[in-house]
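For the first sequence, the positions run 48 to 539 when our numbering is used.
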Amino acid sequence: MRVFNTLTGRKEEFTPGERGLVKIYVCGITPYAPSHIGHARPAVFWDVVRRYLEYVGYTVRAIQNFTDIDDKIIAASASEGLPPLELADKYARQYLNEISELGVKPMQLYPKASEHVGEIITMIETLIAKGHAYEVGGDVYFSVKSFEEYGKLSHRTLEEMKPGARVEINEMKEHPMDFALWKAAKPGEPSWPSPWGNGRPGWHIECSAMSAKYLGLSFDMHGGGTELIFPHHENEIAQSEAFSGVKPMVRYWVHNELVNIRGEKMSKSLGNVITIREMLNKFPARAIRLFLLSAHYRTPLNFSEEGMEAAIRGCERLQTALDNLGAFCRDSKPEPGGSVLEPLEDAYEKAQLTFHESMQDDFNTPGAIAAVFDLVRELNAHQEWLASHPASAANYLDGLARMVSVLGIADDPRKAQGGAGDSALVGELVNLTLELRQKARQEKDWATSDAVRARLGKLGILVEDGPTGTKWKRINPDGGDVRASGATRIHA
RNA sequence: GGCGACAUAGCCAAGCGGUAAGGCAGGGGUCUGCAAAACCCCGAUCCCCGGUUCGAAUCCGGGUGUCGCCUCCA
Numbered sequence: 048m049r050v051f052n053t054l055t056g057r058k059e060e061f062t063p064g065e066r067g068l069v070k071i072y073v074c075g076i077t078p079y080a081p082s083h084i085g086h087a088r089p090a091v092f093w094d095v096v097r098r099y100l101e102y103v104g105y106t107v108r109a110i111q112n113f114t115d116i117d118d119k120i121i122a123a124s125a126s127e128g129l130p131p132l133e134l135a136d137k138y139a140r141q142y143l144n145e146i147s148e149l150g151v152k153p154m155q156l157y158p159k160a161s162e163h164v165g166e167i168i169t170m171i172e173t174l175i176a177k178g179h180a181y182e183v184g185g186d187v188y189f190s191v192k193s194f195e196e197y198g199k200l201s202h203r204t205l206e207e208m209k210p211g212a213r214v215e216i217n218e219m220k221e222h223p224m225d226f227a228l229w230k231a232a233k234p235g236e237p238s239w240p241s242p243w244g245n246g247r248p249g250w251h252i253e254c255s256a257m258s259a260k261y262l263g264l265s266f267d268m269h270g271g272g273t274e275l276i277f278p279h280h281e282n283e284i285a286q287s288e289a290f291s292g293v294k295p296m297v298r299y300w301v302h303n304e305l306v307n308i309r310g311e312k313m314s315k316s317l318g319n320v321i322t323i324r325e326m327l328n329k330f331p332a333r334a335i336r337l338f339l340l341s342a343h344y345r346t347p348l349n350f351s352e353e354g355m356e357a358a359i360r361g362c363e364r365l366q367t368a369l370d371n372l373g374a375f376c377r378d379s380k381p382e383p384g385g386s387v388l389e390p391l392e393d394a395y396e397k398a399q400l401t402f403h404e405s406m407q408d409d410f411n412t413p414g415a416i417a418a419v420f421d422l423v424r425e426l427n428a429h430q431e432w433l434a435s436h437p438a439s440a441a442n443y444l445d446g447l448a449r450m451v452s453v454l455g456i457a458d459d460p461r462k463a464q465g466g467a468g469d470s471a472l473v474g475e476l477v478n479l480t481l482e483l484r485q486k487a488r489q490e491k492d493w494a495t496s497d498a499v500r501a502r503l504g505k506l507g508i509l510v511e512d513g514p515t516g517t518k519w520k521r522i523n524p525d526g527g528d529v530r531a532s533g534a535t536r537i538h539a
């Protein structure tokens, strides 16, 4: 498996530090407002990475932090009238609920900065003792000049950073690029006691402290958006490696590109933010995932209604294929010999291969998705054959479902839950209705046949007559959202 | 001003030296009582200009354009 490493600027062969175990730290959010699509991209991407690594046999230990001590939280706290930590907790929970609805499997741990102040203070004390940090008037700063490799992640030198001069002027700092490890408390702000007086941690140190605590001084992958490369991750390396002397702190730095909208960066000031909640209210979670995965994680993704529309259609196509296979599996017709259909078998093997080669090549999800669609086309093309070979249908369904479940963009109909509140009784009633309708069809009583189909449609049951029999599935009566995969065939 | 990324059919998007995956949309067929689903056929020489090479969308140089970072930010 090859992974692009920001540190070296190249794709590298991936090998975990410990055999069979992959340790991942993903930079999470600062919970001070509802999360938007830009937050959903890394959440879904890392979920897929995790699923794939587990799929190929690794044990994954992944954590994602919440920065719950921060200027923005303090500001939002004042305007919302909620204590800072409560406000952060509220939005953190909201975020977790939303990504859960997006099908993201929970990570092992979501550590919060506020709960690791002790570890942070210990780390700062060591940095001071080692001459990498200094205290000035209650603040503690990291000395960038004390870490000769400063800039190695973002590929720039201290000299290159001066010209732009977008550096805050702070008389107290020894070097303009020195950054705060600890900030002296200001009135009204949350603060903790420390050897340097009351105060709070700087932004970057929490990640160094928490990753060290839960993953060790050197771990496999560290993720985050590209905008975090500098200064956040550059500073993390400096702190962690200066603190422990262990290098590298992170073996593979993996950064995702951002989500834009109409070619512009999504930001509150431009007023073009689309929240995860809004997305979930409007589109099926599966389609949101397909959309987010339709571009490689290292290329910017432009949000658009058209893009979502395409993703919705794509998901429907996938689910229809899965549902059909599920219906064929349940077919009780006897298998006429264990024959194999060559073109199908070839397509299946090729799809499997392409899927894995794509995922192994720096998590190329668009390539993996293409492999899935290739297979779906072949499967669809041989529906009649599959309908009379349930064992083969089950076999291909297994394979297709495995691929699709790594991406989380469709369900195995055999495992899917029925529609909310639906019981087996509903299924039986629909089947009964369709059997009666079938009699009408045989008598060419199209008026009755069409009326039944229309009535069922109003109830959210989509009826389709095809060459392999009549199928039905549960849909959302308002939208096209396929809720359950009750595809059952009524034989002609 | 510095650092970096990207530019492929109407839209989205793979490709990493051997003559362009996939999805959506569109057109034409097949199947079908109708509808739907599905299948088949149709579309790009890869921003521009040079260069390297037997051969480049893929490598190098120069343009043009877009975007990101350099300050909080997924």
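Glycine included, each C-beta is placed from N, C-alpha and C at the ideal position. These figures come from a predicted structure and were not determined experimentally.
Note to self: Quick check on DSSP: helix, strand or coil for Trp-300?
What the structure shows: Note: Trp-300 maps to strand in three-state DSSP.
Margin query: Please give the ranges of any beta strand (DSSP E) in the stretch 237 to 274, keeping only runs that are unbroken, at least 3 residues long and fully inside the region.
Written below: With a minimum length of 3 residues, the continuous beta strand (DSSP E) runs that stay inside the stretch 237 to 274 are 246 to 248, 266 to 272.
Next item on the list: Take the Cβ of Met-219 as the centre, count every other Cβ of all protein chains shown within 10 Å, and call the residue buried at 16 or more, exposed below.
Entry: Under this definition Met-219 is an exposed residue.
Notebook entry, point to check: When DSSP labels each residue in this structure, what does Glu-308 get in the three-state scheme?
Noted result: The displayed chain sequence assigns Ile, not Glu, to residue 308. When secondary structure is reduced to three states using DSSP, Ile-308 falls in the strand class.
Check: alpha helix (DSSP H) containing Leu-340: first to last residue?
Finding: Counting along the chain, the alpha helix (DSSP H) containing Leu-340 begins and ends at 332 to 340.
Next item on the list: Run through the stretch 140 to 208 for me and flag every whole beta strand (DSSP E) of 3 or more residues, listed as ranges in chain order.
Entry: Entirely contained in the stretch 140 to 208, the beta strand (DSSP E) runs reaching 3 residues are, in chain order, 180 to 183, 186 to 189.
Margin query: Quick check on DSSP: helix, strand or coil for Arg-484?
Written below: If DSSP states are grouped into helix, strand and coil, Arg-484 belongs with the helices.
Margin query: Which residue wins for smallest C-alpha separation from Tyr-142, given the options His-202, Ala-90, Ala-180, Gly-249?
Written below: Selected option, being the one with the closest Cα: Ala-90.
Notebook entry, point to check: By the 10 Å Cβ neighbour count, where 16 or more other Cβ atoms means buried, how is Lys-159 classified, buried or exposed?
Noted result: Burial call: buried.
Item checked: Supposed contact pair His-179 and Ala-289 - C-beta distance, whole angstroms, cut 8 Å -> About 4 Å separates the two Cβ atoms, so the contact holds.
Margin query: Spatial neighbours of Ile-116 within its chain, please: C-beta separation below 7 Å, excluding the five flanking residues on both sides.
Written below: Here the set comprises Ala-160, Ser-161, Pro-237, Arg-247, Pro-248.
Notebook entry, point to check: For Gly-56, which of Pro-131, Glu-127, Ala-125, Lys-199 has the nearest alpha-carbon?
Noted result: Taking only the C-alpha atoms, the option nearest Gly-56 is Lys-199.
Notebook entry, point to check: Where DSSP assigns a beta bridge to Ala-231, which residues make up the other side?
Noted result: According to DSSP, Ala-231 bridges with Gly-246.
Margin query: Measuring only the C-alpha atoms, how far is Arg-360 from His-251?
Written below: Rounded to whole angstroms, Arg-360 to His-251 spans 42 Å at the Cα level.
Margin query: Please state whether the Cβ-Cβ distance between Asp-267 and Val-69 is less than 8 Å.
Written below: Taking 8 Å as the Cβ cut-off, Asp-267 and Val-69 qualify as a contacting pair.
Notebook entry, point to check: How would you label Ser-496, buried or exposed, when you count the other beta carbons within 10 angstroms and need 16 or more for buried?
Noted result: Around the beta-carbon of Ser-496, 16 or more other beta-carbon atoms lie within 10 Å, marking it buried.
Next item on the list: Please look up how many angstroms separate the CB atoms of Leu-372 and Leu-444, rounded, as I've assumed it's under 8 Å.
Entry: With 8 Å as the limit, Leu-372 and Leu-444 qualify as a contact, their Cβ atoms being about 4 Å apart.
Item checked: Three-state secondary structure assigned by DSSP to Gly-414 -> The answer is helix: DSSP assigns Gly-414 an H, G or I state.
Next item on the list: Within the same chain, show all residues whose beta-carbon is closer than 7 Å to that of Arg-66, passing over the 5 residues directly before and after it, in chain order.
Entry: Within the same chain, Arg-66 has no close Cβ partners at all.
Note to self: If I follow the unbroken beta strand (DSSP E) through Lys-58, where does it start and stop?
What the structure shows: For Lys-58, the enclosing beta strand (DSSP E) starts and ends at 57 to 60.
Next item on the list: List the residues that DSSP assigns as beta-bridge partners of Asp-512.
Entry: Checking the DSSP bridge columns, you'll see Asp-512 partnered with Thr-517.
Check: On the premise that Ala-394 lies in contact with Asp-421, defined as a C-beta separation below 8 Å, what is that separation, rounded to the nearest angstrom?
Finding: Rounded to the nearest angstrom, the Cβ distance from Asp-421 to Ala-394 is 7 Å, consistent with a contact under 8 Å.
Next item on the list: Could you tell me which of Ala-135, Met-296, Arg-97 sits nearest to Leu-54, measuring between CA atoms?
Entry: Checked all of Ala-135, Met-296, Arg-97; the closest Cα to Leu-54 is Met-296.
Notebook entry, point to check: For the beta strand (DSSP E) that contains Thr-540, what are its first and last residues?
Noted result: Absent from the structure is residue 540, since the part of the chain shown begins at 48 and ends at 539.
Check: beta strand (DSSP E) containing Tyr-395: first to last residue?
Finding: For Tyr-395, there is no enclosing beta strand (DSSP E); the enclosing alpha helix (DSSP H) covers residues 389 to 407.
Margin query: Helix, strand or coil for Ile-323? Go by DSSP, reduced to three states.
Written below: Ile-323 carries a helical assignment under DSSP once its states are collapsed to helix, strand and coil.
Item checked: Own chain, CB closer than 6 Å to Val-191, minus 5 neighbours either side, in chain order -> Excluding residues within five positions, the ones whose Cβ falls inside 6 Å are Tyr-197, His-222, Met-224, Asp-225.
Check: Can you check whether the CB of Tyr-261 is closer than 8 Å to the CB of Leu-174?
Finding: Against a cut-off of 8 Å, the Cβ pair of Tyr-261 and Leu-174 comes out as no contact.
Notebook entry, point to check: So what does Val-73 bridge to, in DSSP terms?
Noted result: Gln-111, Gly-270, per the DSSP bridge assignment.
Next item on the list: Please classify Lys-58: is it buried, with 16 or more other beta-carbons within 10 angstroms of its beta-carbon, or exposed?
Entry: Its Cβ having fewer than 16 others within 10 Å, Lys-58 is exposed.
Checklist line | Candidates Leu-149, Ser-201, Trp-493, of which the one nearest Lys-329 by Cα | finding: Answer by Cα proximity: Leu-149.
Notebook entry, point to check: If we count the other Cβ atoms within 10 Å of its Cβ and call it buried at 16 or more, is Trp-243 buried or exposed?
Noted result: With 16 or more neighbouring CB atoms inside 10 Å of its own CB, Trp-243 falls in the buried class.
Checklist line | Span separating the alpha-carbon of Leu-476 from that of Lys-491 | finding: Cα to Cα, Leu-476 sits roughly 23 Å from Lys-491.
Note to self: Quick check on Ile-522: does DSSP put it in helix, strand or coil?
What the structure shows: Annotated three-state conformation of Ile-522 is strand, per DSSP.
Check: Taking the DSSP output, what are the residues bridged to Phe-350?
Finding: Paired residues: Ile-308.
Note to self: In this structure, how does DSSP classify Glu-490 when only helix, strand and coil are distinguished?
What the structure shows: In the structure shown, Glu-490 sits in coil (DSSP, three-state: anything other than H, G, I, E or B).
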